[in-house]
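Q: Under full-length UniProt numbering, the residues of the sequence shown are numbered 1 to 210, in order.
Glycine residues also receive a C-beta, built at the ideal position from the N, C-alpha and C atoms.
Here's a structure for you.
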Amino acid sequence: GPALGGASASRRCGSSSSASGSAAFHISEERLREFLQAEVSFFAAQEPNSISLRQVLDAATPERAAALSHKELPIRFAQRILQIEGLDGWEASPDLVEVHGLYFRTFRDLRLVELEVKRLDAFTEVIKKLKGRMRTVIPHLATGMRSLQESEGYSEAMIGQWLDSFLLSRIGTEMLTSQYMACVDTVSHPRSGRHGIVDDRCDPAAICLQ
């Protein structure tokens, strides 16, 4: 089975860390999924922080951006997983099952990756995969919610409210992941005035006048 490491994961699995570092052990896929389901409930119950421009600017290094993403992303993905599971009939919609699977796999990756501040390669790979997976979410959601409306009789207002909540969360997720990847890119391609995705030389008024 897969190796499960990390202090927080180990504590909730009932293992202890040795004096030399975090414990790592192997568990079955079935046991791992049960553990991750419990993790989803645990993180979904937490309140995500609203990401302000000041927080983005403060997280202008790969290390700080990674720490912010590692803390905030599991909460957002867990809440969206439960939001899908709260829909009657979602398991009968192949498109919603696909979106649920994408979010669950991403949550799993985020919880199992070790965040090593001095060596962020593994975390960077998880974020790259995450961004690639999320590209297909919108068309799947549109098709899935339309089919669910027909089969379950949901109103247009309910569908619109559900999608607003789901998609608004994606804005924060996209900001976090884009900031992290931009910070990583800046290390190898420095650009004056850039703090991740923020350009402090940007003139919004001038852009509006164009």
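Using DSSP's beta-bridge definition, name the partner residues of GLU116.
A: As a first step, residue 116 must be located in the sequence shown, where it is residue number 116. Note: GLU116 sits in a beta bridge opposite ARG119.
Q: Throw me the rounded Cβ distance for the CYS208 and ALA65 pair, which I believe falls under 8 Å.
A: Here residue 208 corresponds to residue number 208 of the sequence shown, with the count starting at 1. Here residue 65 corresponds to residue number 65 of the sequence shown, with the count starting at 1. About 28 Å; that fails the 8 Å criterion.
Q: Find the nearest neighbour of PHE77 within the set SER50, ALA60, TYR103, judged by alpha-carbon distance.
A: Locating residue 77 in the sequence shown gives position 77, counting from the first residue. When only C-alpha atoms are compared, the closest one is TYR103.
Q: Could you check how far apart the C-beta atoms of PHE107 and ILE138 are, in whole angstroms? I think they sit under 8 Å.
A: Position 107 of the sequence shown, counting from 1, holds the residue named residue 107. Position 138 of the sequence shown, counting from 1, holds the residue named residue 138. Not a contact, Cβ separation roughly 19 Å.
Q: Would you kindly report the start and end of the unbroken alpha helix (DSSP H) that includes MET175?
A: Your numbering for residue 175 matches position 175 in the sequence shown. First-last of the alpha helix (DSSP H) with MET175: 156-188.
Q: Closest to GLN46 by C-alpha separation, out of GLN79, PRO62, LEU32, GLU125, would be which residue?
A: Along the sequence shown, one-based indexing puts residue 46 at 46. Nearest C-alpha to GLN46: GLN79.
Q: Is the separation between the beta-carbon of THR186 and that of GLY196 shorter than 8 Å?
A: Translated into the one-based positions of the sequence shown, residue 186 becomes position 186. Translated into the one-based positions of the sequence shown, residue 196 becomes position 196. Yes, the Cβ-Cβ distance between THR186 and GLY196 is below 8 Å.
Q: The alpha helix (DSSP H) with LEU36 in it runs from where to where?
A: For the purposes of this step, residue 36 is taken as residue 36 along the sequence shown, with counting starting at 1. Its alpha helix (DSSP H) spans residues 29-44.
Q: Across the stretch 54-73 and the stretch 118-128, are there enough close Cβ pairs to call them in contact, namely three or more that are closer than 8 Å?
A: yes
Q: Do you know whose CA, among ALA142, ARG170, LEU176, lies nearest GLY160's CA?
A: The count along the sequence shown starts at 1 and reaches residue 160 at position 160. It is ALA142 whose Cα lies nearest to the Cα of GLY160.
Q: Considering only C-alpha positions, which residue in the set MET145, PHE166, TYR180, ASP109 is nearest to LEU36?
A: As a first step, residue 36 is located in the sequence shown; it is residue number 36 there, counting from the start. Ranking MET145, PHE166, TYR180, ASP109 by Cα distance to LEU36 puts ASP109 first.
Q: Going by DSSP, what residue range makes up the alpha helix (DSSP H) through SER52?
A: Translated into positions along the sequence shown, residue 52 becomes position 52. Per DSSP, SER52 belongs to no alpha helix (DSSP H) and is neither H nor E.
Q: Going by the CB atoms, is the gap between SER155 and ALA92 shorter than 8 Å?
A: Translated into positions along the sequence shown, residue 92 becomes position 92. Translated into positions along the sequence shown, residue 155 becomes position 155. If you check the CB distance, ALA92 and SER155 do not come in under 8 Å.
Q: In whole angstroms, give me the CA-to-CA distance for LEU115 and SER178.
A: If you number the sequence shown from 1, residue 115 lands on position 115. If you number the sequence shown from 1, residue 178 lands on position 178. Rounded to the nearest whole angstrom, the CA to CA distance from LEU115 to SER178 is 18 Å.
Q: If I measure Cβ to Cβ from PHE43 and keep anything under 7 Å in the same chain, skipping five residues before and after, which residues do I get?
A: Here residue 43 corresponds to residue number 43 of the sequence shown, with the count starting at 1. These residues qualify, in order along the chain: PRO74, ILE75, ALA78.
Q: Between which two residues does the alpha helix (DSSP H) holding SER93 run?
A: The sequence position of residue 93 within the sequence shown is 93, counting from 1. That residue, SER93, is in no alpha helix (DSSP H); it is neither H nor E in DSSP.
Q: Distance check for ILE84 and LEU148, CA to CA, integer angstroms please.
A: As a working mapping, residue 148 is identified with position 148 in the sequence shown. As a working mapping, residue 84 is identified with position 84 in the sequence shown. Using only the alpha carbons, I get a separation of about 12 Å.
Q: Where does the unbroken alpha helix (DSSP H) through ALA65 begin, and where does it stop?
A: Stepping through the sequence shown from its first residue, residue 65 is reached at position 65. Counting along the chain, the alpha helix (DSSP H) containing ALA65 begins and ends at 62-85.
Q: Just how far apart, CA to CA, sit ARG31 and LYS118?
A: Translated into positions along the sequence shown, residue 31 becomes position 31. Translated into positions along the sequence shown, residue 118 becomes position 118. Computed Cα separation, rounded: 31 Å.
Q: Does the beta-carbon distance from residue 212 to ILE51 come in below 8 Å?
A: Because residue 212 is not part of the residues shown, which for the chain are 1 to 210, the question remains open.
Q: Hey, GLU98 and HIS140: beta-carbon distance below 8 Å or not?
A: Taking the sequence shown and counting its residues from 1, the one referred to as residue 98 is at position 98. Taking the sequence shown and counting its residues from 1, the one referred to as residue 140 is at position 140. Yes; because the gap between Cβ atoms is below 8 Å, this pair is in contact.
Q: What residues in its chain sit with their C-beta under 8 Å from that of GLY89, if we drop five residues either side in the sequence?
A: As a position in the sequence shown, residue 89 is number 89, starting the count at 1. If we look at GLY89 and ignore the five residues flanking it on each side, its Cβ neighbours are LEU148, SER151, GLU152.
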